[in-house]
Structure formats: C-alpha cells, structure tokens
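Asks: Residue numbers (our numbering): 48 to 360. Glycine included, every Cβ here is placed at the ideal spot set by N, Cα and C. Here the structure is a predicted model, which is why all the values come from computation and not from measurement. Structure incoming, see below.
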Amino acid sequence: MKSNDKIYVAGHRGLVGAAICRRLEQDGYTNILTSTHAELDLCSQAEVQAFFQKSRPDYVFLAAARVGGIHANNTFPADFIRDNLLIQTNIIDAAYQEGVQKLLFLGSSCIYPKLCPQPMKEEYLLTGPLETTNEWYAIAKIAGIKMCQAYHRQYGFSAISLMPTNLYGPGDNFDLKKSHVLPALIRKFHEAKESGQVEVEVWGTGSPQREFLHVDDLAAASLFLMETYSEPEIVNVGSGQEVTIGELAKLAAEVVGFQGTVRFNPEMPDGTPRKLLDVSFLTRLGWQAEIPLKEGMESTYRWFIDNITDIRQ
Ligand code: GFB
48 MKSNDKIYVA GHRGLVGAAI CRRLEQDGYT NILTSTHAEL DLCSQAEVQA FFQKSRPDYV
108 FLAAARVGGI HANNTFPADF IRDNLLIQTN IIDAAYQEGV QKLLFLGSSC IYPKLCPQPM
168 KEEYLLTGPL ETTNEWYAIA KIAGIKMCQA YHRQYGFSAI SLMPTNLYGP GDNFDLKKSH
228 VLPALIRKFH EAKESGQVEV EVWGTGSPQR EFLHVDDLAA ASLFLMETYS EPEIVNVGSG
288 QEVTIGELAK LAAEVVGFQG TVRFNPEMPD GTPRKLLDVS FLTRLGWQAE IPLKEGMEST
348 YRWFIDNITD IRQ
C-alpha cells in the first residue's frame, strides 16, 4: 500500500475498524475512506455497489460486522447470520467488481469446532460441529472465508482472511447485554466499586478458557498481512495468552480495584470450553502480539473511565 492509496475501512466506528484507522493514520496513510451507517447501509447491495462505483477504493479492510458476546449471539441468531452474510457478501463482491487491489476479511476464532484440539490450527476448520451459542455467527464468518477463497480461485481476486481470537480494547462495547466478557467484567466491577456492592455476578462456571488479544495488536497484524500476505489460506491472529474466566475475573477486579467477591452463575452459558489459537503460521510469517493482557486491561479501563458518560447514555 502506498501512503496515498485510497483505503476503505468498513466498520470504522467499531472496536476493530477504529483501531485499524488509528494504525493507518499512525503509519502515515493519508487517504482513508469511511462511511457512517446513516450514509451507507452495508446490508443494502444497491447502496454498497453505488458506493464502490463512486469511490473506487484501492484497498479494503472489511471490519464491519454484527458482533456481540455469548448472550447476544445466543439470543439474536437471525440478526447475526443475516447481517453478517449481507454485509460481507455485498462488500466482497463490490470490491471485486470495482477492481479493488486487495481486500482483508476478518473472521473469528469461533469458526473452529466446539471441541477442537488445542491449540487450534488453521487446518481444523470444518472438521467438527460448532459451538451452539454462536454457530449462526460462525457459519456467516465461514461463508465469508469461503467467498474470499472462491473469488481468489475463480477470478484471481486478492482477498485474504484473518481469524482473530477474542478481542478487547478502547472503543469496546460495554453494554452488559451485548458485550463480550472482558468489557462486561470491567464495567460490573467498576459499578460495584462505585456503589459499594460487595458481590458481582460472573456468568457460567468460570472454568472456560479464553485467549485475549488487544485490538491494537490485531490492527498491527492486519496492516502487516495486508502488506505482506496474499494467499487464500486463512491466518490465525492470537496472543497465546490463555486464562480461565475465573482468572480473568480476578485480574479485572485487581485492575479496577474491586475488593468484593465473585458469584458464578451457572444458569448462564459457558460456551465453548477452550479456544486457543495456534499462531505458529503467523509467527513464521513474521508477526507476534506485543501487548500483555494486564497492561491492555489497564489501558482499556482508563478508556472506560474517560468515556463513561457516553457509555451510560
Ligand atoms: O466473551 P463472551 O461473551 O464470548 O464470553 P465467547 C466468554 C465467557 O465469559 C463465557 C463468560 O463462558 C461467558 O459465560 N462470562 C462471564 C461472561 N461473565 C460474563 C459477562 O458478564 N458477559 C459475557 N459476555 N460473558 C463469543 C462469540 O463467544 O466470542 C462470538 O459469542 C465471538 O461469536 C466472540 O466469536 C469472539 O468467547 O463465549
């Protein structure tokens, strides 16, 4: 990518898209194209086609998606499968039709089977049944991967796919009904500390293991792969930092300064028991995560404090 190439970041207001924009700006890219939901409905094929015909970007980061934590995925399966299929199909096809040089698609570690051998290698895709709480989202993401591979194979379109592990960072969703676990715990512990509450509920049994990656690391990996990688095979992007939800809760309490106790609620789903990516392919390509979990959680908590008024509205 040249510094004045036109780079479209779809989903620039989301956790991932915003981090990619920050990184592009930091690296001196000057021609970043974005569009708000009011300006462009990504679920509308006609609007997406018209946008690409008019703006003719050189590169596309496809970070737009309907995302959410375990509860949102489990409660709104139709929204998750429909919106993700529409958004990614519209963008990938329009990018190909309008001569985009390269597109980067973001999948998710939940594309792998529920009981996948750990750590999960790229080749384990489609080797077993999916986790039921998020299979709708996972199926849409698998369709996105396959679409990139099909366009690569039939049309020679340069579309690459990254599979990030569970992400967190500034700009995350802190809405307790929709968010992922890490921002949820930060908010719950902060509000308990503020109100003098002595006990906080943590969903599930606390035993599932998750790997977390700071979104600034994902943005760095995305730019690195956009510059250096052009193959249709998917690439895992993780940190190698795996913790149980119980351990994460302890760490979040420490970061926030909450001194009370945690009560696990096994009525809420645990989801997949373990989700650790094998990142040896990415390491061989020349990239590794840099932000340690505790440090990343501390800066995310600072961001939460700075933006708490907007978050509560
Ligand atoms: O982050 P999370 O919602 O998503 O939940 P997944 C991870 C674990 O944290 C689960 C537990 O075992 C939850 O039960 N947990 C504990 C909580 N307390 C909370 C809480 O207050 N809020 C939330 N959200 N969880 C998602 C998928 O799965 O991972 C998406 O649903 C996506 O499709 C994403 O792929 C990366 O890791 O289980």
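Considering only heavy atoms of the ligand GFB and the C-beta of each residue, which residues fall inside 5 Å, strictly closer?
Replies: This selection yields Gly116, Ile117, Asn120, Ser155, Cys157, Asn181, Tyr184, Asn213, His227, Val228, Ala231, Val249, Trp250, Gly251, Pro255, Ile292, Asp317, Gly318.
Asks: If you draw a straight line from the alpha carbon of isoleucine 192 to that of phenylalanine 152, how long is it in whole angstroms?
Replies: Translated into positions along the sequence shown, residue 192 becomes position 145. Translated into positions along the sequence shown, residue 152 becomes position 105. One C-alpha to the other measures close to 7 Å.
Asks: Determine the extent of the alpha helix (DSSP H) in which isoleucine 352 is found, giving its start and end residues.
Replies: Within the sequence shown, numbered from 1, the residue matching residue 352 stands at position 305. It spans 340-353 - the alpha helix (DSSP H) in which isoleucine 352 sits, taken as one unbroken run.
Asks: Of all the options Tyr76, Leu229, Thr136, Pro164, which has the alpha carbon lying nearest to the alpha carbon of glycine 400?
Replies: Any question about residue 400 goes unanswered here, given that the chain covers just 48 to 360.
Asks: State the start and end residues of the unbroken beta strand (DSSP E) segment that holds phenylalanine 98.
Replies: Within the sequence shown, residue 98 is the residue found at index 51, counting from 1. From DSSP, phenylalanine 98 is part of no beta strand (DSSP E) but of the alpha helix (DSSP H) over 92-102.
Asks: Answer with buried or exposed for asparagine 312, where buried requires no fewer than 16 other C-beta atoms within 10 angstroms of its C-beta.
Replies: Against the sequence shown, residue 312 aligns to sequence position 265. By the neighbour-count rule (16 or more Cβ atoms within 10 Å), asparagine 312 is not buried but exposed.
Asks: In the DSSP assignment, what are the bridge partners of leucine 311?
Replies: As a first step, residue 311 is located in the sequence shown; it is residue number 264 there, counting from the start. Sequence check: residue 311 is phenylalanine here, not leucine. Answer by DSSP bridge pairing, in chain order: Val249.
Asks: Using a Cβ-Cβ cutoff of less than 6 Å, which residues in the same chain neighbour alanine 142 once the five nearest sequence positions on both sides are dropped?
Replies: Here residue 142 is taken as the residue at index 95 of the sequence shown, counted from 1. Closer than 6 Å at Cβ, skipping near neighbours: Val107, Leu150.
Asks: When burial is assigned at 16 or more other CB atoms within 10 Å of the CB, is lysine 245 buried or exposed?
Replies: What you label residue 245 is simply residue 198 of the sequence shown in a count that begins at 1. A quick correction: the sequence has valine, not lysine, at residue 245. By the 10 Å Cβ count, valine 245 comes out exposed.
Asks: Considering only C-alpha positions, which residue in the set Glu169, Ser254, Glu280 is nearest to histidine 199?
Replies: Stepping through the sequence shown from its first residue, residue 199 is reached at position 152. The shortest C-alpha separation from histidine 199 is found at Glu280.
Asks: Should the region 263-283 be regarded as contacting the region 77-86, the criterion being three or more beta carbon pairs within less than 8 Å?
Replies: Contact fails: fewer than three Cβ-Cβ distances are below 8 Å.
Asks: Quick check on the burial criterion: 16 or more other C-beta atoms within 10 angstroms. Buried or exposed for serine 226?
Replies: Looking up residue 226 in the sequence shown gives position 179. So serine 226 ends up on the buried side.
Asks: Can the beta-carbon of phenylalanine 99 be found less than 8 Å from the beta-carbon of leucine 87?
Replies: As a working mapping, residue 99 is identified with position 52 in the sequence shown. As a working mapping, residue 87 is identified with position 40 in the sequence shown. No, the Cβ-Cβ distance between phenylalanine 99 and leucine 87 is not below 8 Å.
Asks: Taking the beta strand (DSSP E) that leucine 260 falls in, what are its first and last residues?
Replies: Position 213 of the sequence shown holds residue 260. Unbroken beta strand (DSSP E) run through leucine 260: 256-261.
Asks: What's the call for asparagine 354, buried or exposed, on a 16-neighbour Cβ count within 10 Å?
Replies: Locating residue 354 in the sequence shown gives position 307, counting from the first residue. Exposed.
Asks: Quick check: the Cα distance between isoleucine 134 and glutamine 306, rounded to an integer number of angstroms?
Replies: Within the sequence shown, residue 134 is the residue found at index 87, counting from 1. Within the sequence shown, residue 306 is the residue found at index 259, counting from 1. Answer to the nearest angstrom: the Cα atoms are 43 Å apart.
Asks: Quick check on DSSP: helix, strand or coil for proline 316?
Replies: Numbered from its first residue, the sequence shown carries residue 316 at position 269. Three-state result, proline 316: coil.
Asks: Assign serine 208 to one of three DSSP states: helix, strand, or coil.
Replies: As a working note, residue 208 is residue 161 in the sequence shown. Here serine 208 sits in strand by DSSP.
Asks: List in chain order: all unbroken alpha helix (DSSP H) runs of 4+ residues lying wholly within the region 219-246.
Replies: The region 219-246 contains these whole alpha helix (DSSP H) runs: 228-242.
Asks: So, at 8 Å on beta carbons, what are the nonlocal neighbours of glycine 154 in its own chain, with the 5 sequence-adjacent residues on each side left out?
Replies: Numbered from its first residue, the sequence shown carries residue 154 at position 107. If we look at glycine 154 and ignore the five residues flanking it on each side, its Cβ neighbours are Lys188, Ile189, Gly191, Ile192, Ser208, Leu209, Met210, Pro211, Ile281.
Asks: Does the distance from the CB of aspartate 219 to the CB of leucine 62 come in under 8 Å?
Replies: As a first step, residue 219 is located in the sequence shown; it is residue number 172 there, counting from the start. As a first step, residue 62 is located in the sequence shown; it is residue number 15 there, counting from the start. In contact: aspartate 219 and leucine 62 (Cβ atoms closer than 8 Å).
Asks: Assign histidine 84 to buried or exposed, taking buried as 16 or more other Cβ atoms, counted over all protein chains shown, within 10 Å of its Cβ.
Replies: Along the sequence shown, read from residue 1 onward, the residue named residue 84 stands at position 37. The residue is exposed, with fewer than 16 neighbouring Cβ atoms inside 10 Å.
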